[in-house]
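Scroll down for the structure; my scribbles are underneath it.
Number of protein chains: 2
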Amino acid sequence: MLIGKQSWQYTSRPVICATGTVGGPFEAAGALPQAFDVLHDDIWVGQESFEKAQTVFVEEAVKTALKKASLTTDDVQFMLAGDLLNQLTPSSFAARTLQIPYMGLFGACATSMEGLAIGAMMVHTQAAEHVVAVASSHHSATEKQFRYPTEYGGQKPPTAQWTATAAGAAVLTGSGQGPRVTGATIGRVVDMGMSDPFNMGGAMAPAAADTIARHFTDFNRTPEDYDLIVTGDLGQIGLPVARDLLKQKGYMLDHDLFGDCGLMLYKASQSVFAGASGPGCSAAVTYGHLLNEMTKQGWQRILVVATGALLSPLSYQQKESIPCIAHAAVIETDGGGHHL
Amino acid sequence: MLIGKQSWQYTSRPVICATGTVGGPFEAAGALPQAFDVLHDDIWVGQESFEKAQTVFVEEAVKTALKKASLTTDDVQFMLAGDLLNQLTPSSFAARTLQIPYMGLFGACATSMEGLAIGAMMVHTQAAEHVVAVASSHHSATEKQFRYPTEYGGQKPPTAQWTATAAGAAVLTGSGQGPRVTGATIGRVVDMGMSDPFNMGGAMAPAAADTIARHFTDFNRTPEDYDLIVTGDLGQIGLPVARDLLKQKGYMLDHDLFGDCGLMLYKASQSVFAGASGPGCSAAVTYGHLLNEMTKQGWQRILVVATGALLSPLSYQQKESIPCIAHAAVIETDGGGHHL
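Keeping their order, the protein sequence lines are chains C and R. The first sequence lines up with residues 1 to 340 when you count with our numbering. The second sequence lines up with residues 1001 to 1340 when you count with our numbering.
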């Protein structure tokens, strides 16, 4: 299964048999409302805290995906889940509700593809009949933990990004119809010494470029082998930096080919600074939008490169720079043509 | 590879080809100093913060294991690492130093066996030639984050546990000599409504019993099929509760057969209340002590059941009870007889 130095090729081509995506009101007013199966007009979803609200988002994303796949929680052997909050509180509490055997993952905003890659491996090696991988974020829970209380009204520079209130789940299985996960590249930590937590996109761009270049080498492919290469949340600052870095490595990725989930989720009229971010961003955009676009546009193969900034509020306070990572997954059409 | 409902059987019997364990001064003065390859007399190990010190522990555990296996970081495709701190700060920063492609895991004190189980799957399915799984904790970093600053001098009840300052790493590969990982059972979240963070052992005992009983069912085995069954850190309160719960489920585990890493690490004269805890506890005791005991005692097969309390300071403040989990791995001798 290992191909090259840090990649996996799944010859059995595990299937994403269903997905579930849940968003908040700001996402409903965004550029991709159709990407969400469930949209809430209340960021609290009736809960007493943002953290408990995010837990509900995770539960709903998983339940929605299972319902679409006509599965119960009993049919799914394992749940791979992660988020940005301390001790993965929303993921762990959702695992309590769902009662699916649970493995917690942390890759910051790269968690979505870390989960998809490990989940596809489990299905490939018949360690599971069905696995669900889910990643989530909640704007207000993240602000509260990483930045300032929203009520404080702290100003942000234009390089900042807006953490999405979203959860995205994918159910993987060994056969049937649906998009196929055919490969993955696991990133290593890249830290170019940037330390500004209000410019995550710039900090993460070298990690994205590193993983993408490694992916091409490991699979002996070029950008032309893909219909779309999309990063997780590099935003307006990070995406052009990643493009330049890849150019330096000899890979030309033009604007049609190379995009970013963080630049797709919201409208230009929404005040999201340099774009969207959060584990829920790449998960919801990939599972709720890109998989449908593959069918609509006739795309054969895309590469989703989820990008994560592995800082903590404490590491920032201790004057550390930001270690970043990117994990990539290859998704191919099975030629069937159907919406999730 | 899936066996029963939530277990894996690795028919290729991945090998633990080397381990590395690092401890602090309190561990050096404990009951198992010989379990550690490296013992520091300074909990800061020359660093400016406890978090940075813990990062050094992770790095040293991995480097020690690699050195013993005559491997470089380039020979290891993936590092599976986790700890208790927010955003896995020590694991992520160690991954930056080590430059091994990195997947972050969170299972609180169950992280050690979550990593060993996923790592063994990677080797089994030839997704890696070598994988390193590492789990760590630092007493003072944990106190600061989860409880009170040590300087505050807060008193603890006798049900509290002492987070170990320790890191344990295991390098897995497909062939050669060494103990074999032959199976695993991934836990589900069990929460019996306990909410006292100073009685983690009591809270985690039902999760341990759930995973152990599920393990016996999935593998169609009984306690007699093991030379030792050891939990991660149930301590003096949790272990007898787990024993009682297993008795109710029809499994008699007597005192010789059923132990706890948290009751092995320190001396009775050390003021650790109900015992040791932390992801580094089960990792160091398993990799540094139990694997050697297998050879010394002629044990054929042991079951290590790492136990985790998935609470966060925030979930406690929000009056939530403690969701708990336990992940188990089966380790068997290859009959060779050698020390790690």
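Built from N, CA and C at the ideal position, the CB exists for glycine as well.
Output the distance between the C-alpha atoms of residue 1122 of chain R and residue 291 of chain C, rounded to the nearest integer angstrom.
Within the second sequence, the letter at position 122 stands for residue 1122 of chain R. Within the first sequence, the letter at position 291 stands for residue 291 of chain C. Rounded to whole angstroms, residue 1122 of chain R to residue 291 of chain C spans 27 Å at the Cα level.
Per DSSP, what are the beta-bridge partners of residue 229 of chain C in this structure?
For the purposes of this step, residue 229 of chain C is taken as the residue at position 229 of the first sequence. Beta-bridge pairing links residue 229 of chain C to C:258, C:303.
Partners in chain R for residue 196 of chain C, counting only beta-carbon separations shorter than 8 Å:
Here residue 196 of chain C refers to the residue found at position 196 of the first sequence. Correct list: empty, because the minimum Cβ distance to chain R is about 17 Å.
Where in the segment 118 to 164 of chain C do unbroken runs of the alpha helix (DSSP H), each at least 4 residues long, occur, reported from the N-terminal end onward?
139 to 146
Residues within the segment 1121 to 1141 of chain R neighbouring chain C, beta-carbon criterion of under 8 Å:
1121, 1122, 1124, 1125, 1126, 1127, 1128, 1129
How about residue 1235 of chain R and residue 1201 of chain R: do their beta carbons lie closer than 8 Å?
Against the second sequence, residue 1235 of chain R aligns to sequence position 235. Against the second sequence, residue 1201 of chain R aligns to sequence position 201. For residue 1235 of chain R and residue 1201 of chain R, yes; Cβs fall inside 8 Å.
Could you spell out the range, first to last residue, of the beta strand (DSSP E) harbouring residue 1264 of chain R?
Residue mapping note: residue 1264 of chain R aligns to position 264 of the second sequence, counting from 1. Residue 1264 of chain R -> no beta strand (DSSP E), and no H or E assigned at all.
DSSP beta-bridge partners of residue 7 of chain C:
Within the first sequence, residue 7 of chain C is the residue found at index 7, counting from 1. For residue 7 of chain C, which the question treats as bridged, DSSP gives the partners C:3, C:185.
Using the DSSP secondary-structure output, state which residues sit across from residue 1102 of chain R in a beta bridge.
Along the second sequence, one-based indexing puts residue 1102 of chain R at 102. According to DSSP, residue 1102 of chain R bridges with R:1079.
Here's a check: name, in chain order, each residue in its chain whose Cβ is nearer than 7 Å to the Cβ of residue 1337 of chain R, leaving out the five neighbours to either side.
As a working mapping, residue 1337 of chain R is identified with position 337 in the second sequence. For residue 1337 of chain R, the predicted structure reports a pLDDT of 43, less than 50, and the residue's modelled location is therefore unreliable. A value from the coordinates is still provided. Contacts found: 1295.
Could you give the DSSP three-state label for residue 338 of chain C: helix, strand or coil?
Along the first sequence, one-based indexing puts residue 338 of chain C at 338. Summary for residue 338 of chain C: the model assigns pLDDT 43, below 50, so the residue's position carries little reliability; its value from the coordinates is reported in the next sentence. Note: residue 338 of chain C maps to coil in three-state DSSP.
Note down, in chain order, each residue of its chain lying with its Cβ closer than 8 Å to the Cβ of residue 1161 of chain R, except the 5 sequence neighbours on either side.
Within the second sequence, the letter at position 161 stands for residue 1161 of chain R. 1200, 1201, 1233, 1235, 1262, 1272, 1273, 1274, 1275, 1276, 1277, listed in sequence order.
Since residue 111 of chain C contacts residue 127 of chain C with CB under 8 Å, what's their CB separation in whole angstroms?
Position 111 of the first sequence, counted from the first residue, corresponds to residue 111 of chain C. Position 127 of the first sequence, counted from the first residue, corresponds to residue 127 of chain C. In fact, because the Cβ distance is near 20 Å, the residues do not count as touching under 8 Å.
Is the distance from the Cβ of residue 1031 of chain R to the Cβ of residue 1287 of chain R below 8 Å?
Along the second sequence, one-based indexing puts residue 1031 of chain R at 31. Along the second sequence, one-based indexing puts residue 1287 of chain R at 287. Not a contact, by the Cβ cut-off of 8 Å.
Collapsed DSSP secondary structure at residue 1312 of chain R in the structure displayed
To locate residue 1312 of chain R, count along the second sequence from 1; it is residue 312. Coil at residue 1312 of chain R, not helix or strand.
Take residue 1145 of chain R as the anchor and find which of R:1314, R:1305, R:1324, R:1223 has the nearest alpha-carbon.
Here the question's residue 1145 of chain R lines up with position 145 in the second sequence. That would be R:1314, whose Cα lies nearest to the Cα of residue 1145 of chain R.
Where the alpha helix (DSSP H) through residue 215 of chain C begins and ends:
Here residue 215 of chain C is taken as the residue at index 215 of the first sequence, counted from 1. 200 to 219 is the extent of the alpha helix (DSSP H) around residue 215 of chain C.
At 8 Å on the CB atoms, spell out the chain R contacts of residue 2 of chain C, in chain order.
The count along the first sequence starts at 1 and reaches residue 2 of chain C at position 2. Chain R residues near residue 2 of chain C: 1077, 1126, 1127, 1128, 1129.
With DSSP as the reference, please indicate the residues paired to residue 1275 of chain R in a beta bridge.
The residue you call residue 1275 of chain R lines up with position 275 of the second sequence. According to DSSP, which records beta bridges pairwise, residue 1275 of chain R is partnered with nothing at all.
Nearest-angstrom Cα separation, counted from residue 53 of chain C out to residue 143 of chain C:
Residue numbering aside, residue 143 of chain C sits at position 143 when the first sequence is read from its first letter. Residue numbering aside, residue 53 of chain C sits at position 53 when the first sequence is read from its first letter. If I take the Cα positions, the gap works out to 14 Å.
Have a look at the DSSP bridge pairing and note the partners of residue 332 of chain C.
One-based indexing of the first sequence puts residue 332 of chain C at position 332. In the DSSP output, where bridge partners are listed per residue, residue 332 of chain C has C:180, C:301.
Interface residues of chain R around residue 99 of chain C at Cβ under 8 Å?
Sequence index remark: in the first sequence, residue 99 of chain C carries index 99 (1-based). The answer, in chain order, is 1188, 1189.
In chain C, what lies closer than 8 Å to residue 1118 of chain R by C-beta?
Against the second sequence, residue 1118 of chain R aligns to sequence position 118. The answer, in chain order, is 103, 118.
Taking just the CA atoms, how far does residue 304 of chain C sit from residue 231 of chain C?
Here the question's residue 231 of chain C lines up with position 231 in the first sequence. Here the question's residue 304 of chain C lines up with position 304 in the first sequence. Computed Cα separation, rounded: 6 Å.
For a contact meaning CB atoms closer than 7 Å, what does residue 1206 of chain R contact in chain C?
The count along the second sequence starts at 1 and reaches residue 1206 of chain R at position 206. Going along chain C, no residue has its Cβ under 7 Å from residue 1206 of chain R, so there is no contact; the nearest lies around 12 Å.
Taking the alpha carbon of residue 1322 of chain R as the reference point, which residue from R:1078, R:1189, R:1064 has its own alpha carbon closest?
Start at 1 with the first residue of the second sequence, and residue 1322 of chain R comes out as number 322. With distances taken between Cα atoms, residue 1322 of chain R lies closest to R:1189.
Span of the beta strand (DSSP E) holding residue 1168 of chain R?
Translated into positions along the second sequence, residue 1168 of chain R becomes position 168. First-last of the beta strand (DSSP E) with residue 1168 of chain R: 1166 to 1173.
Determine the contact status of residue 1058 of chain R and residue 1094 of chain R, defining contact as a CB-CB distance below 8 Å.
Residue 1058 of chain R sits at position 58 when you count from the first residue of the second sequence. Residue 1094 of chain R sits at position 94 when you count from the first residue of the second sequence. Going by C-beta atoms, residue 1058 of chain R is nearer than 8 Å to residue 1094 of chain R.
Rounded to whole angstroms, what's the CA-CA distance from residue 68 of chain C to residue 19 of chain C? Just pull it up for me.
As a working mapping, residue 68 of chain C is identified with position 68 in the first sequence. As a working mapping, residue 19 of chain C is identified with position 19 in the first sequence. Using only the alpha carbons, I get a separation of about 8 Å.
Three-state class that DSSP yields for residue 289 of chain C in the structure shown:
For this step, residue 289 of chain C is matched to residue 289 along the first sequence. If DSSP states are grouped into helix, strand and coil, residue 289 of chain C belongs with the helices.
Anything in chain C within Cβ reach of residue 1258 of chain R, meaning under 8 Å, just list it in chain order.
Residue numbering aside, residue 1258 of chain R sits at position 258 when the second sequence is read from its first letter. Ordered by position in chain C, no residue passes the 8 Å Cβ test against residue 1258 of chain R, which lies about 23 Å from the chain.
Residue range of the alpha helix (DSSP H) that residue 237 of chain C falls in?
One-based indexing of the first sequence puts residue 237 of chain C at position 237. Per DSSP, residue 237 of chain C belongs to the alpha helix (DSSP H) from 235 to 248.
Residue-level contact to chain R via CB, residue 245 of chain C, 8 Å cutoff
As a position in the first sequence, residue 245 of chain C is number 245, starting the count at 1. No - not a single Cβ of chain R is within 8 Å of the one on residue 245 of chain C.
What is the DSSP secondary structure of residue 1032 of chain R, reduced to helix, strand or coil?
In the second sequence, the residue the question calls residue 1032 of chain R occupies position 32. Coil, per DSSP.
I believe residue 228 of chain C touches residue 257 of chain C by the beta-carbon criterion, under 8 Å. Please report the beta-carbon distance rounded to the nearest angstrom.
Here residue 228 of chain C is taken as the residue at index 228 of the first sequence, counted from 1. Here residue 257 of chain C is taken as the residue at index 257 of the first sequence, counted from 1. About 7 Å separates the two Cβ atoms, so the contact holds.
Let me know the secondary structure DSSP gives residue 1088 of chain R once reduced to three states.
Here residue 1088 of chain R refers to the residue found at position 88 when the second sequence is read from its first residue. Three-state DSSP puts residue 1088 of chain R in a helix.
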